[in-house]
Amino acid sequence: MGVRVVGNKEYSIGEVYTAISRLYRDHPFPPHFYLIYDLLYEPENSEVIVKLKQGPLLESYVLIWRYGRGASIHIWGDSSLELLQDTWLDANMPHILELYTDESEVIRRASSILYSKGFRNVEVRRFHDMVCDEESFKPRGNERLAVRLSPGQADVFVDYVKRRGDDITVEEARVRLSKRTYYGVFADGKLVSAGAICARLPELALICDVYTVEEYRRRGYATAVTSAATRRIVSSGSTAFLCVEEGNEDAIRIYRKLGYKHLRTRPWLVAKP
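The working numbering numbers the first residue of the sequence shown as -4 and each following residue consecutively.
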């Protein structure tokens, strides 16, 4: 889908990518982490709308990552809401808009834009960004329960996802297990807990999709998969980060025990048809 530049002045693609790289180099945490990662590894699923200023430097951008059943949006910069207003969104699918400011006026305007696009429900939720490095990491003894999952285990992954209340095809599972580094815990012959390294750059890596089937909770399985994934990241000198919803005290407690520290809390707007 590529990069679209708005404004009166024309810039070469080299100037645009230089501006993006400079911004990431100075501020490697999200949203710029997602911007670089999606351009490098998910270009076919990503759309970026940018506005530049003298330098050229990146002034604002909208990043949209579209997957089969919805889309994730990150906006940054003073003009990002205007860019979002002029961007097409498919209101027939759920979208998550991640904001990087807690200003009430920005939240109000962003919600209004989503409603204007045809979404019928927009919910404001808050998530903590948490980080862990090699120095702070505290591995757990039950980490040995977690095993690396492979694309050849797509069938058991499909069954696991269905017991989460979701749906996925064998081919979709195979692709997901190929793209991401998943760790899982098996019990009673079934995959009952899993978590993944979902995106990785030299400086940072994202852990996501940590979930334990309800009847197998409170056995330390989520701790085991998160510990295994975190070890893989920090052992190479990178920093691990993850997002956890405000109020999810069980998960927050797990991450703190593993050495994760609170970085910030920010709003997500969950828009549904």
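Don't be surprised by glycine CBs; every beta carbon is placed ideally from N, CA and C.
Are the CB atoms of residue i and residue j nearer to each other than 7 Å?
i    : j    : result
Y29  : H69  : yes
P38  : A14  : no
I31  : Y19  : yes
R261 : Y95  : yes
H123 : V220 : no
A217 : V205 : yes
R104 : L76  : yes
P26  : W83  : no
I108 : Q80  : yes
C127 : G9   : no
E93  : W263 : yes
In this structure, what does DSSP give as the bridge partners for residue i?
i     : result
M114  : The sequence shown places Phe at residue 114, not Met. Answer is none; F114 lacks a bridge partner.
L199  : T234
A194  : L201
E124  : The identity of residue 124 in the sequence shown is Asp, whereas the question assumes Glu. BP columns for D124 point to C238, R259.
I68   : I59, L92
R(-1) : I44
V165  : Answer is none; V165 lacks a bridge partner.
S188  : V180, T207
A266  : H90, V117
V142  : G179
L76   : L76 is not bridged to any residue.
L53   : L47
Tell me the rounded alpha-carbon separation between residue i and residue j.
i     : j     : result
G179  : I59   : 29 Å
E98   : R227  : 36 Å
F181  : M125  : 27 Å
V229  : K4    : 42 Å
A189  : L196  : 22 Å
A149  : A191  : 14 Å
F132  : S7    : 43 Å
K252  : E130  : 14 Å
G63   : A266  : 16 Å
Y155  : Y36   : 26 Å
T225  : D33   : 21 Å
R171  : I44   : 27 Å
I247  : S41   : 30 Å
G(-3) : K256  : 35 Å
I249  : G242  : 13 Å
T297  : R175  : Not covered by the structure: residue 297. The range shown for the chain is -4 to 268.
G65   : C193  : 17 Å
L78   : D21   : 23 Å
D183  : N137  : 17 Å
P23   : S106  : 27 Å
S173  : D85   : 28 Å
Y177  : R(-1) : 33 Å
In its own chain, which residues sit with a C-beta less than 8 Å from the C-beta of residue i, not counting the 5 before and 5 after it?
i    : result
G147 : none
R259 : H123, D124
V165 : A149, D150, V153
P134 : S222, T225, R226, L253
S279 : Given a span of -4 to 268 for the chain in the structure shown, any question on residue 279 remains unanswerable.
Please work out which residues of its chain come closer than 7 Å, Cβ to Cβ, to residue i, disregarding the five sequence neighbours upstream and downstream, and give them in chain order.
i    : result
N87  : P268
E209 : none
K48  : E54
Give me, in chain order, the residues of the same chain whose beta-carbon lies closer than 6 Å to that of residue i; leave out the 5 immediate sequence neighbours on both sides.
i    : result
K46  : V1, G2, E54, S55, S74
L186 : V151, Y155, G179
R169 : P146, A149
S67  : W60, I91
E118 : V265
With three or more C-beta pairs closer than 8 Å as the rule, is the stretch 131 to 144 touching the stretch 157 to 169?
no
Quick one: any contact between the stretch 205 to 218 and the stretch 106 to 125, if contact means 3 or more CB pairs under 8 Å?
no
Three-pair Cβ contact test at 8 Å for the stretch 189 to 206 versus the stretch 224 to 240:
yes
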